[in-house]
């Protein structure tokens, strides 16, 4: 029997303990979810209180109604006030809910409206005691309204405590003003009501936090899978799958496109082995990520030893300067690896995916010219360029093993 009681106590403690939760209500994502959910629940709560007020209002005109215990405020007027207040809040809460995702400060606005709604209805619960007829339960409608506010929406702990204080303080003031004595059992019942509502609210809050923690973990894992599917495992650059996915985002933007080809990459592999070739690719991609690290820069492993840069850089000369910085960074020897690369680039504003592919082809043609001039050359759409790019027919003559080197993608 003692062990069973201990298990029950441990289960109860575990249900209401939050030591396993490492997220806080201060998290903006959590607050957005919490108050978006609470706005809809508050609309329901306001509707239920309106329904209660309408039923009570109709009851005041019933031929069966008897005298009222507290005549200081007319019962009809009390119901009208409760109805009007909650109709106004139902409209306001609904408006906040409709425009929630359109506003940057939606969560802050929702907190303000929610606090006013719950706080004022704590006072409305006290006003309902003036509708109590003789020989009926004195606190019945007070308990209904208080329970609706406490149990339908979910409140933060500080809001729950504040509402409890408002409710009890308002009750004490009103009952003192009308000099009504509360039976000892009623006082105990009210205390139990607040205790139970507080525990239920706390349990719901913990369940919400656990659900949000699981949701955020799933979103993080999903994002990791998504990023992995778009990332080349060796270089850390974006892959061809990411390039195909990103194509629509580039349409209509002024772009600079560059193709980078590692000089003598096949010799690296044939002479020093694939491990050395991997080091060359890793070093080059690292240099690329250091230089082209802006939000407008997108770096891809295009195939084998070819790398692609697509940048929403409006100034071609500035883009060319960054390419020179990248080439110089590559040339520096790090970890026994020294790399030279040839680069071709083009610029323009593509209005279709076909035009974007044409820009990449133009950069590829310039790359062929750079390769034909020797190692470490850069050719592209500079304003001072006097000759256009070489034709795709000449580009096709390029050594196929030098075009799309894939030794590092084979099984070693």
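In our numbering, the protein residues as written are 6 to 417. Cβ coordinates follow ideal geometry from the N, Cα and C atoms, glycine included. Bear in mind the structure is a predicted one, so any value in this text is a computation, not a measurement.
Distance CB(residue i)-CB(residue j) smaller than 8 Å
i, j, result
"residue 144", "residue 122", "no"
"residue 255", "residue 361", "yes"
"residue 260", "residue 331", "no"
"residue 374", "residue 349", "yes"
"residue 244", "residue 306", "yes"
"residue 118", "residue 49", "no"
"residue 377", "residue 334", "no"
"residue 357", "residue 381", "no"
"residue 301", "residue 316", "yes"
"residue 311", "residue 344", "no"
"residue 210", "residue 159", "yes"
"residue 242", "residue 202", "no"
Pairwise C-alpha distance: residue j and residue i
i, j, result
"residue 391", "residue 110", "Because residue 391 carries a pLDDT of 36, less than 50, the predicted location of this residue cannot be relied on, and the following value inherits that uncertainty. If you take the alpha carbons of residue 391 and residue 110, they lie about 54 Å apart."
"residue 62", "residue 85", "7 Å"
"residue 33", "residue 153", "27 Å"
"residue 275", "residue 219", "50 Å"
"residue 359", "residue 367", "12 Å"
"residue 100", "residue 39", "17 Å"
"residue 200", "residue 229", "43 Å"
"residue 8", "residue 16", "12 Å"
"residue 231", "residue 284", "26 Å"
"residue 135", "residue 180", "10 Å"
"residue 116", "residue 35", "13 Å"
"residue 13", "residue 78", "48 Å"
"residue 222", "residue 167", "32 Å"
"residue 278", "residue 28", "49 Å"
"residue 389", "residue 321", "Any reading at residue 389 needs caution, since the residue's pLDDT is 42, under 50, leaving its predicted position unreliable; the model's value is listed next. Whole-angstrom Cα-Cα distance: 11 Å."
"residue 83", "residue 57", "12 Å"
"residue 131", "residue 172", "7 Å"
"residue 193", "residue 233", "60 Å"
"residue 236", "residue 45", "40 Å"
Where residue i falls, given that 16 or more other Cβ within 10 Å makes a residue buried
i, result
"residue 272", "exposed"
"residue 397", "For residue 397, the pLDDT reaches just 41, beneath the cut-off of 50, and the residue's location in the model is therefore unreliable, although a value from the coordinates is still provided. Exposed."
"residue 355", "buried"
"residue 142", "exposed"
"residue 225", "exposed"
"residue 66", "exposed"
"residue 371", "buried"
Nearest residue (CA-CA) to residue i, options the options
i, options, result
"residue 60", "344, 118, 302, 146", "146"
"residue 207", "347, 193, 162", "162"
"residue 92", "325, 125, 252, 107", "125"
"residue 299", "327, 371, 383", "327"
"residue 55", "80, 81, 87", "87"
"residue 174", "127, 282, 81", "127"
Test: residue i CB closer than 8 Å to a CB of chain D
i, result
"residue 179", "Absent here is chain D; the protein component of the structure consists of one chain."
Note down, one range per segment and in chain order, each alpha helix (DSSP H) of at least 4 residues found wholly within the region 219-296.
Whole alpha helix (DSSP H) segments, 4+ residues: 245-255, 270-277, 279-296.
Secondary structure, alpha helix (DSSP H): runs of 4+ residues fully inside the region 65-128
Runs of the alpha helix (DSSP H) inside the region 65-128: 80-103.
Complete alpha helix (DSSP H) runs within the region 158-196 (minimum length 4 residues, chain order):
Counting only runs of 4 or more, we get 162-183.
Kindly provide the ranges of any beta strand (DSSP E) runs that are 3 or more residues long and lie completely inside the region 308-383, ordered along the chain.
You should have 311-316, 346-353.
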